[in-house]
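Just so you know, the sequence shown maps onto residues 237 to 489 in the working numbering.
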Amino acid sequence: MMDVKDLSIQFGGLKAVDAVSFSIKKNEIFGLIGPNGAGKTTVFNMLSGFYKADSGEILFAGQDISALKPHSVNKLGAARTFQNIRLFKGLTVLENVVVAMQQKHEHTWFDSLVKTEKFYKLEKELVDESIELLKIFNLDQYKNDLADSLPYGSQRKLEIVRALATKPMLLMLDEPAAGMNLSEKAALKDLIHFIKNKFNLTILLIEHDMKLVMNICDRIAVLHRGKKIAEGIPSDIKTLPIVIEAYLGKKVV
Numbered sequence: 237m238m239d240v241k242d243l244s245i246q247f248g249g250l251k252a253v254d255a256v257s258f259s260i261k262k263n264e265i266f267g268l269i270g271p272n273g274a275g276k277t278t279v280f281n282m283l284s285g286f287y288k289a290d291s292g293e294i295l296f297a298g299q300d301i302s303a304l305k306p307h308s309v310n311k312l313g314a315a316r317t318f319q320n321i322r323l324f325k326g327l328t329v330l331e332n333v334v335v336a337m338q339q340k341h342e343h344t345w346f347d348s349l350v351k352t353e354k355f356y357k358l359e360k361e362l363v364d365e366s367i368e369l370l371k372i373f374n375l376d377q378y379k380n381d382l383a384d385s386l387p388y389g390s391q392r393k394l395e396i397v398r399a400l401a402t403k404p405m406l407l408m409l410d411e412p413a414a415g416m417n418l419s420e421k422a423a424l425k426d427l428i429h430f431i432k433n434k435f436n437l438t439i440l441l442i443e444h445d446m447k448l449v450m451n452i453c454d455r456i457a458v459l460h461r462g463k464k465i466a467e468g469i470p471s472d473i474k475t476l477p478i479v480i481e482a483y484l485g486k487k488v489v
């Protein structure tokens, strides 16, 4: 699904990511973890087109996306959420999903200007499809409410719905449990499994909540100071001395 090869980027004199490589298999949940400052979000930003790597290669579905902009990466089938929720807070819940879904449908200049029958037909289809998607996540009851009026957990869910509206093959979740309480995190775990199975997706996850990561991921890569220090299944990763040392800041004897 995605192959990352020797990915590096430098900001000033700081090498934020140093020759990081990993592969994500189709239909797996792959976790990217590490202590603060490890380079996780920087890697995410390169994979999604927000940063351009200084060197290395990112292959997605067999295509090199290393130099592509975010909208081009999204069009190829890779969608992401953000650690800080990014919704159109002045729009309704339904409008937020419709706007996201429009990225996969392009009007001609003439259709948009003249408001042709084709234009109105497509707009109705987008609204109907958006409502059906909201129903799956029990958000349809809020479709006419402003996005910023939703509870925090529902805003998180709406951001995921917006990503799914672009019909991705790969869903990249940037710290989806940030700011959630224990019950919300438990619901999130179930939601991620549901999303993977319902939409036949591959999922890449950055997350600080180690319990969530260990319980949900098929495989994990660990970053520390910009370098990958380990990769494997959760049961192996959590017992590795080099990983424990990275998190605790001292050698394990």
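Note that CB positions come from ideal geometry on N, CA and C, so glycine has one too.
Residue i in three-state terms, based on DSSP
{"i": "Glu411", "result": "coil"}
{"i": "Glu353", "result": "helix"}
{"i": "Glu365", "result": "helix"}
{"i": "Leu394", "result": "helix"}
{"i": "Ala482", "result": "helix"}
{"i": "Asp381", "result": "coil"}
{"i": "Met238", "result": "strand"}
{"i": "Glu467", "result": "strand"}
{"i": "Ala336", "result": "helix"}
{"i": "Phe266", "result": "strand"}
{"i": "Leu386", "result": "coil"}
{"i": "Leu476", "result": "coil"}
{"i": "Leu406", "result": "strand"}
{"i": "Leu375", "result": "coil"}
{"i": "Phe346", "result": "Only weak support exists for where Phe346 lies, its pLDDT of 46 falling under 50; the coordinates are left without a value."}
Residue i: first and last residue of the uninterrupted beta strand (DSSP E) it sits in
{"i": "Leu441", "result": "Thr438 to Ile442"}
{"i": "Ser251", "result": "It should be pointed out that residue 251 corresponds to Lys in this sequence rather than to Ser. Start and end: Leu250 to Ile260."}
{"i": "Ala457", "result": "Arg455 to His460"}
Cβ distance (whole Å) where residue i is taken to contact residue j below 8 Å
{"i": "Pro412", "j": "Glu365", "result": "In fact, because the Cβ distance is near 23 Å, the residues do not count as touching under 8 Å."}
{"i": "Phe286", "j": "Met408", "result": "11 Å between Cβ atoms; not a contact."}
{"i": "Leu406", "j": "Thr438", "result": "5 Å"}
{"i": "Glu467", "j": "Phe296", "result": "Wrong, their Cβ atoms sit about 19 Å apart, outside the cutoff."}
{"i": "Ala383", "j": "Leu327", "result": "6 Å"}
{"i": "Leu323", "j": "Leu424", "result": "Actually they are not in contact, since the Cβ atoms of Leu323 and Leu424 sit about 17 Å apart, beyond 8 Å."}
{"i": "Val253", "j": "Gly273", "result": "Not a contact, Cβ separation roughly 11 Å."}
{"i": "Gln319", "j": "Ala414", "result": "6 Å"}
{"i": "Asp242", "j": "Ser291", "result": "7 Å"}
{"i": "Thr277", "j": "Asp410", "result": "7 Å"}
Cutoff 6 Å; reference residue i; Cβ partners in own chain excluding five residues on either side
{"i": "Lys464", "result": "Val256 and Ala457"}
{"i": "Asp454", "result": "Glu264 and Ile265"}
{"i": "Lys447", "result": "none"}
{"i": "Leu362", "result": "Val334 and Met337"}
{"i": "Asn380", "result": "Thr328"}
{"i": "Asp445", "result": "Ala413"}
Close beta carbons around residue i, own chain, < 7 Å, minus the five adjacent residues each side
{"i": "Ala401", "result": "Val333, Ala336, Met337, Ser366 and Leu369"}
{"i": "Ser284", "result": "Pro306, Val309, Ala314, Arg316 and Met408"}
{"i": "Val397", "result": "Val333, Leu369, Leu370, Phe373 and Leu375"}
{"i": "Ile260", "result": "Met237, Met238, Phe266, Thr438 and Leu440"}
{"i": "Asn211", "result": "Since the first residue of the chain shown is 237 and the last is 489, residue 211 is not available in this structure."}
{"i": "Tyr388", "result": "Gly415"}
{"i": "Ile478", "result": "Ile465 and Ala466"}
Bounding residues of the alpha helix (DSSP H) (the contiguous stretch that carries residue i)
{"i": "Asp472", "result": "Pro470 to Ile473"}
{"i": "Lys425", "result": "Leu418 to Lys434"}
{"i": "Leu448", "result": "Met446 to Ile452"}
Sequence-distant residues of its chain with Cβ nearer than 8 Å to residue i (five each side left out)
{"i": "Lys251", "result": "Ser244, Ile245 and Gly462"}
{"i": "Val449", "result": "Gly267, Ile269, Leu441, Glu443, Ile456 and Pro470"}
{"i": "Ser390", "result": "Leu375 and Tyr378"}
{"i": "Pro404", "result": "Asn310, Gly313, Ala314, Ala315 and Leu437"}
{"i": "Leu304", "result": "Gly285 and Leu312"}
Within-8 Å CB hit, residue i to chain B
{"i": "Glu361", "result": "The chain inventory of the structure shown lacks chain B, comprising one protein chain alone."}
**Report entry** Complete runs of the alpha helix (DSSP H) confined to the stretch 268–330 [at least 4 residues]
**Finding:** 276–283 and 306–311
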